[in-house]
Structure formats: structure tokens, C-alpha cells
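What follows is a set of notes on a single structure, which appears directly below.
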Amino acid sequence: MTFALEFTLLILLLVTAAGAIFVKDLISAVLLLGCYSFFLALVWAWLGAVDVAFVEAVVGAGLATVLFLLTLFGTAPKDNRLRRPPPPMAAVIALPLLGILLLYAANDLPEFGDPGSPASVHISPTYLEQSYSDTRTPNVVTAVLMDYRSLDTMVETVVIFAAGIACALLLRRQTS
Amino acid sequence: MKIFLLCVLVLLALLIGAYLYRVLQGPTIFDRVLGLNGISTKAILLLIVIGMYFERVEMFVDISTGYALLNLVGALAVAKFLEQRGLP
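Chains as they are written, first to last, in our numbering: chain A, 1 to 176; chain B, 177 to 264.
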């Protein structure tokens, strides 16, 4: 009972991911990827990472679907069925082994919500205690993003702005 | 109350499976778009019930509003695509 929602959401995630790979045409694959992002956002929200869930829902499920469709609109031929070659044998053997290795390594991760985990004892308490007196911002995430890492955020904004300009230029050339 | 909300969450997540079948199986693209819209409405509900479960509804209402707005844009983009491109 305790993990019922986690299991349901993860099964839905797996089904949509497999569907996006195996489906026959490109539009359906794009729609299924939107589905996938949304289930991922639900998982983030359920685990308490509300900001990540917000970004995933808005960017992954909303904007990425629109951008994929615009790309298809501009580039793909009229027949957008997928004819994919069978995957190479090395990938079929190596990728499941890699998955098993990652699952084995995940055994060593600390418990979810463990207050003694390294991420919770190293530097997070400092930010939680001092961010309000340092920056006068009630939200700790905002304080870290906009005050402690403000230069980083500024350059990220420059990158996103440049990407937006590039998208706008490409799409404008398409319509004219 | 928590148990009740968790049951509601699991039932809603299972309900998404019915829509997902239509999205995966749907013979035409319209079935898939309709299934996706159904999934998004269920998922908005799921987000708000998750907010009630954690007793932070006001934060989750923001996420679900943003998703609802952008989902409308996505549905419009699919419709525009099909209008200009013709049916597959």
C-alpha cells in the first residue's frame, strides 16, 4: 500500500517510454513523449521536488511537444512513418547489463528522506539556516538560485535567450 | 484522510491506464490526441490531490495551471499541424 502510487506511476512511465520507441509514426511518438514527461513530472511532485515538477510539466510536456511538432512541420516529408533498422547486437547485450549495474549501484544510495545522508548534512543546513538572514528571501530555492548562484543563473538566462532567438529565426524563415 | 487521498491517487493513476491504452493503440491520430487530452485532465487532478496529500495545495495549483495552459497550446499545435499537413 505504501508504494502503490509509486509503482503505478513508474509502470505508466515504462509503458509510455516503450510506446514512444515502438510506435509506428512520428506524431504518435511525439505525443507519447509528452505523456512520458508528464508522468515524470507527477513522479517529481510525489517525491516532493515541486520546482522540478513545474519545469518538467511546463517545458517537457508543453513546450517540447510544440517544438517537436514545429520541427516535424518544417522538416519531415509527408509520409512520417518510421522505418527503423533493428538495433545492433552489442547494444541489445550491453544496455541491459548497464541497467543491472546501475540498479546494483543504487543499493548503496541512502534512504529517501534520510536526514543523515551526505547531501543533507554537508552544506544544506547552512543554507537553510542562513539564507533568510543573508538574502531576505523566504524561499530557499529562490535564494540559492537568484542570490548565491546569481552569476550562474545570469549566464543560463543568456544561453536560453540565445536559443530562443535561434528558434525564432529558424521558424520565421520557415513561414516566409 | 491520508489513506483516502492515497486511494484516490492510485485510482486516478489506474484510470490513466485506460486513456494510455487508447493513446498507444489508437488507429487514428485523433484517438491519440483525445487520449492525451484525457490523460492531461486526469494528471491535473492528480497534481491537485498530491497537493492536498502534502497539505500544500496552493503550490500545486500553480503547477497544474501552468500545465493546463500549455496543454491547450500543445493540442492547438497538433490541430494546426494536421490542418496544414493533411491527415496521415
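Beta carbons: idealized from backbone N, C-alpha and C, even for Gly.
It should be emphasised that the depicted structure is a prediction, and the values quoted were computed from it without experimental measurement.
Check                                                                                                                            : Outcome
Below-9 Å beta-carbon distance, arginine 198/B vs any chain A residue                                                            : no
CB contact check: phenylalanine 230/B to chain A, cutoff 9 Å                                                                     : yes
Cα-Cα separation, serine 131/A to phenylalanine 230/B                                                                            : 24 Å
Sequence-distant residues of its chain with Cβ nearer than 8 Å to leucine 9/A (five each side left out)                          : Phe39, Leu42, Val43 and Trp46
Chain B contact for leucine 42/A (CB, 9 Å cutoff)                                                                                : yes
Contact with chain B by glycine 73/A, beta-carbon distance below 9 Å                                                             : The identity of residue 73/A in the sequence shown is phenylalanine, whereas the question assumes glycine. Answer yes: the Cβ-Cβ gap between phenylalanine 73/A and chain B drops below 9 Å somewhere.
Within 9 Å of chain B by C-beta, residues of the region 28 to 39 of chain A in sequence order                                    : Ser28, Val30, Leu31, Leu32, Gly34, Cys35, Phe38 and Phe39
Contact with chain B by alanine 8/A, beta-carbon distance below 9 Å                                                              : The residue you asked about is not alanine; residue 8/A is threonine in the sequence shown. So yes, threonine 8/A belongs to the interface.
Arginine 136/A, DSSP secondary structure in three states                                                                         : coil
Rounded Cβ spacing between valine 233/B and glycine 227/B (contact assumed at less than 8 Å)                                     : 4 Å
Reduced DSSP category for arginine 81/A - H, G, I as helix; E, B as strand; rest coil                                            : strand
Inter-residue Cα distance where the pair is isoleucine 165/A and valine 55/A                                                     : 20 Å
Close beta carbons around lysine 24/A, own chain, < 8 Å, minus the five adjacent residues each side                              : Arg81 and Leu82
At least three beta-carbon pairs within less than 8 Å, the region 30 to 38 of chain A to the region 52 to 67 of chain A          : yes
Where alanine 61/A meets chain B, residues with beta-carbon distance less than 9 Å                                               : Ser216, Ala219, Tyr243, Leu246, Asn247 and Gly250
Within chain A, the residues that isoleucine 224/B reaches when beta carbons sit closer than 7 Å                                 : Residues of chain A passing the Cβ test: none, with the nearest at roughly 10 Å.
Stretch-stretch touch, CB-based, cutoff 8 Å, three pairs: the region 155 to 170 of chain A with the region 179 to 195 of chain B : no
C-beta neighbour in chain A for alanine 189/B, strict 9 Å                                                                        : yes
Secondary structure, alpha helix (DSSP H): runs of 4+ residues fully inside the region 55 to 119 of chain A                      : 64 to 75 and 89 to 106
Residue-level contact to chain A via CB, phenylalanine 180/B, 9 Å cutoff                                                         : no
Identity of the residue in Thr135/A, Gly48/A, Gly60/A and Val144/A nearest isoleucine 123/A by Cα                                : Val144/A
Cutoff 9 Å: methionine 177/B Cβ touching any chain A Cβ                                                                          : no
Neighbourhood of leucine 69/A by C-beta distance below 8 Å, restricted to the same chain and skipping five residues each side    : Ile27 and Val30
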